[in-house]
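If you read the sequences in order, they're chains S and P.
Everything in the first sequence is counted per the working numbering, starting at 187 for the first residue and increasing by one.
Everything in the second sequence is counted per the working numbering, starting at 229 for the first residue and increasing by one.
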Amino acid sequence: MNLIAISINHRTAPVDLREAVYLKEDEIRPFINLAKEHQIKEGLILSTCNRTEIFGIPNSNETNHEKFQNLLLNFKPTQNITEQHFQKFVSREAIKHLFCVAAGIDSLLIGDNQVFKQVKDSFQIAEETQFAGYIMHRIFDAAIRTGKRAISETAISEGAVTVSYAAVQLTEKIFSNLSKKSALVIGTGETGEIAAKHLSEKGIGSLAVTNRTQEKAERLSEKLNAKVIPFTEFRESIHRFDIIISATASPEILVSKDDVKNALKKRGNNAMILMDIAVPRDIDPETKKIDYVFYHDLDSLNIIVEQNLMKRKSEIPKVEKIIEEELDNFWEWYNSLQAAPAIKDLRDFFEEIRNEEVEKNKNKFVSEDQEKLDIVTKRIINKILHHPTIELRKTDETSASADTSTKIGIIRDLFGIYPKKNSEKD
Amino acid sequence: MISGIHTINILLPIFYLATLVVYFYDFLKEEKKLINIKRVFLFITLLLHLIYIVLRTIAFDHPPITNVFEIFTILAITISFSYFLVELVSDIRGTGPFIIILPLIFQLISSLFIQDLTEVKEVLRNNLLGIHVISALLGYSGFTISAVYGFLYLVLYKDIKLNKFGLIFNRLPNLEVLERLSLYSAVIGFITLTIAIVIGIIWLPIAFPNFSYLDPKLVGSTLVWLLYAAGITSKIMGKWRGKKLVILSISGFIVAIITTILSNFLAQSFHSFY
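So this is what it looks like as structure tokens:
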């Protein structure tokens, strides 16, 4: 198979180089047109913050990895990128790499669900731009199946692997129903915003945000349908919240032990969760000594993150097994697209129908005509199959293998002639 | 029939052990396919246990409630049946092994020491006595399960506070659910114990001429009843919750154990038959 792939990713290049070749969605379409002009008839472009990858089936055998690289670097002129920053794959290895990416085991964050969505989006772009031919389409289906199986059959995507998500998961170990709880997020920087989003996604009953710069808090509150509490007043209202997540850049403690004690009294000792994901800390760590107060800081949340990452890593062999299975299935299908076995399967298929009908009907003929019936029907089948057979042999000898495979694939699909599995053959 | 009863008597602890092993394995591995397998194990064990009790009742012409080892086998089935219901209704995983170990212990002791009694006091063949004893046992089973959930609450509470995110943290349901399970079991236990006490107070003076309101078992049960009544009331009033409530449940269970031991083995009264 002449599938070629190049990849510049988190393992091969630093972030500035990855950023330099990153293709935004509105850049991918013109790039696909460019690729088509350069003899790549079908393929896939995947570009995320951690990787930019080009998969393609060239028209001629002269197209190689270097041409793919030059195509990208001409489109996104970038200095300091050398050949070493690219991983190269061909044929089965290229498909395997795509499956690994879709299943999340090639990600910076093992088991990252995000990449599976990005892979699906790039498939869609390839389909929309007619960059996905018969073979690529089949590869996409297999890659999506691999990704789905990895998520459903293994624990590769389970458990929180970011601090803000670990904070939310920890709250679920204390409270049973977040829709009946209220939360306050102090600080609406990146971390605070992510934590607020996670809470909102988990269906928190009511969400409030506060920030030193009020406008920022208001912007986030609009996005998440949250209330805004003025920064100068939030201390007086902490008793109204079951969960408080703090992620400000404040150099001093914002919530003291006494604040929490008073709040707890006002709440009638209803449990409170305090997640301090700021450095330096925003909430007095002494609050952890108070009964019914669950105080956690970055260190403790990182324990959860590390444990989950370890767990995900231990799932990699299971995912690799799924990848190998899907790869074998795909390969078996692909091999059935060779000219010689396909011609044989096609002829066998017609012969079987002919034979069945002759056997069924021969008694309607007198015995001396029965042999003639056999000869005549054989001749009809031979005539029907003469042209397709010659055509397939010719394509196999003269054009690129992708063309032959496509034609054979279509014939197999039309007649429903699929290669028999080994067990069936036995 | 007798030989069948003897065989099941040996099989029951083995079945409980097998069920416990499956539950414990599920606790460690949490594999999806085990969810139904473990329930099938528990169901078969319960079914076998039920057949055993029915056979005993028929063969020896009295329900197995006349001595401590007969009562232990009833306690085993009531605890495991209550847990089976809890698991079906709440769909909560991870607490099974901590409960199922109790019926295993009770059944093991019962299987080792139980005797084929055909001669029992006439009063012990009474139907009202059956309801009195079984509702009392259901009450104590409820308190036992409540105490186990309370204990698990405390362990998880401590683990979360101390940043210990191990097996307990990963497998047990959340604190609010554990608190609720502990409360519900206690409420069910409380209701059934109330029935037992009411029947006892009405019927016992009629059945036993030497009945005394100062009987140690009656005093002990009333004490336990009062403790749970106080706990449940304070929860309903919204005064006590979380850690305090589960500590109360565990204390109630300990008092129940102590009073049972004291009244059964130390004190002699009309209420003792063995």
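Note that CB positions come from ideal geometry on N, CA and C, so glycine has one too.
Residue i in three-state terms, based on DSSP
i: P/I279; result: helix
i: S/A457; result: coil
i: S/L450; result: helix
i: P/K471; result: helix
i: S/G242; result: strand
i: S/G297; result: coil
i: P/V376; result: helix
i: S/T473; result: helix
i: P/F297; result: helix
i: S/Y320; result: helix
i: S/F275; result: strand
i: S/V465; result: coil
i: S/N549; result: helix
i: P/S318; result: helix
i: S/L209; result: coil
i: S/H251; result: helix
i: S/A191; result: strand
i: S/L393; result: strand
i: P/G466; result: coil
i: P/D387; result: helix
i: S/K413; result: strand
i: S/G290; result: coil
i: S/A346; result: coil
i: P/Y456; result: helix
i: S/A433; result: coil
i: S/Y481; result: strand
i: S/A341; result: coil
i: S/L230; result: strand
i: P/S440; result: coil
i: P/A304; result: helix
i: P/L400; result: coil
Close Cβ partners of residue i (< 7 angstroms) along its chain, the five nearest in sequence each way excluded
i: P/I460; result: A414, V415, F418
i: S/R453; result: H425
i: S/L559; result: V544, K548, F551
i: S/E286; result: For the record, residue 286 of chain S in the displayed sequence is Cys; it is not Glu. Closer than 7 angstroms at the Cβ level, and outside the excluded window around S/C286, lie D292, I509.
i: P/I329; result: L248
i: S/K402; result: T374
i: S/L450; result: M458, I476, Y478, V479
i: P/K463; result: L411, R469, L473
i: S/D483; result: D462, R467, P471
Of the listed residues the options, nearest to residue i (C-alpha basis)
i: P/L390; options: S/A525, S/K474, S/T374, S/R398; result: S/K474
i: P/L283; options: P/F326, P/L356, P/D344; result: P/D344
i: S/Q400; options: S/A394, S/I390, S/V414, S/E408; result: S/V414
i: S/T155; options: P/I342, P/E404, P/V361; result: Because residue 155 of chain S is not part of the residues shown, which for chain S are 187 to 612, the question remains open.
i: S/R467; options: S/L440, S/K451, S/F536; result: S/L440
i: S/G229; options: S/G297, S/Q310, S/K388; result: S/Q310
i: S/K262; options: S/I243, S/E279, S/R204, S/K306; result: S/R204
i: P/V250; options: P/R321, P/V317, P/I233; result: P/R321
i: S/P216; options: S/L393, S/T315, S/D307, S/I192; result: S/T315
i: S/R398; options: S/L385, S/K383, S/S436; result: S/S436
i: S/V276; options: S/L410, S/N195, S/A191, S/G297; result: S/A191
i: P/L256; options: P/I396, P/F439, P/I489; result: P/I396
i: P/V447; options: P/I429, P/L476, P/N402; result: P/I429
Close-in-space but distant-in-sequence residues of the same chain around residue i (CB under 8 angstroms, 5 per side omitted)
i: P/K471; result: Y381, L382, Y385
i: S/S365; result: G389, I390, G391
Close-in-space but distant-in-sequence residues of the same chain around residue i (CB under 6 angstroms, 5 per side omitted)
i: S/K611; result: In this prediction, S/K611 scores a pLDDT of 38, lower than 50, which makes its location untrustworthy; the coordinate-derived value is nonetheless stated afterwards. Contacts found: none.
i: S/A341; result: E501
i: P/P331; result: Y244, A304, I307, S308
For the segment 423-433 of chain S against the segment 354-370 of chain S, do three or more pairs of beta-carbon atoms, one drawn from each stretch, fall closer than 8 angstroms, so that the two count as touching? yes
Residues of the segment 356-378 of chain S with Cβ closer than 7 angstroms to any Cβ of chain P, in chain order: E358, K359, I360, F361, S362
Three or more beta-carbon pairs under 8 angstroms between the segment 265-282 of chain S and the segment 195-205 of chain S, yes or no? yes
Listed from N- to C-terminal order along the chain, which residues in the segment 403-421 of chain P have their beta-carbon within a distance smaller than 8 angstroms of any beta-carbon of chain S? L403, E404, V405, R408
What are the residues in the segment 438-457 of chain S lying within 9 angstroms of chain P by C-beta distance? G454, N455, N456, A457
Below 8 angstroms, how does it come out for the segment 496-508 of chain S and the segment 282-292 of chain S: are there three or more Cβ pairs, yes or no? yes
Would you list, in chain order, the members of the segment 484-510 of chain S that have their beta-carbon closer than 7 angstroms to a beta-carbon of chain P? S486, I489, I490, Q493
Take every Cβ of the segment 431-444 of chain S, pair it with every Cβ of the segment 314-332 of chain S, and state whether three or more of those distances are shorter than 8 angstroms. no
At least 3 beta-carbon pairs within less than 8 angstroms: the segment 589-596 of chain S vs the segment 510-523 of chain S: yes
Three or more C-beta pairs under 8 angstroms: does that hold for the segment 450-470 of chain S against the segment 315-325 of chain S? no
Does the segment 244-251 of chain S touch the segment 210-226 of chain S, meaning 3 or more C-beta pairs lie closer than 8 angstroms? yes
What residues in the segment 469-488 of chain P have a beta carbon less than 9 angstroms from any beta carbon of chain S? R469, G470, K471, K472
Sufficient close CB pairs (3 or more, under 8 angstroms) joining the segment 533-542 of chain S to the segment 564-577 of chain S: yes
Assess, as a yes-or-no matter, whether the segment 364-374 of chain P is touched by the segment 331-348 of chain S under the definition of 3 or more beta carbon pairs within less than 8 angstroms. no
If the cut-off is 7 angstroms on Cβ atoms, which residues from the segment 245-259 of chain P count as contacting chain S, listed in chain order? none
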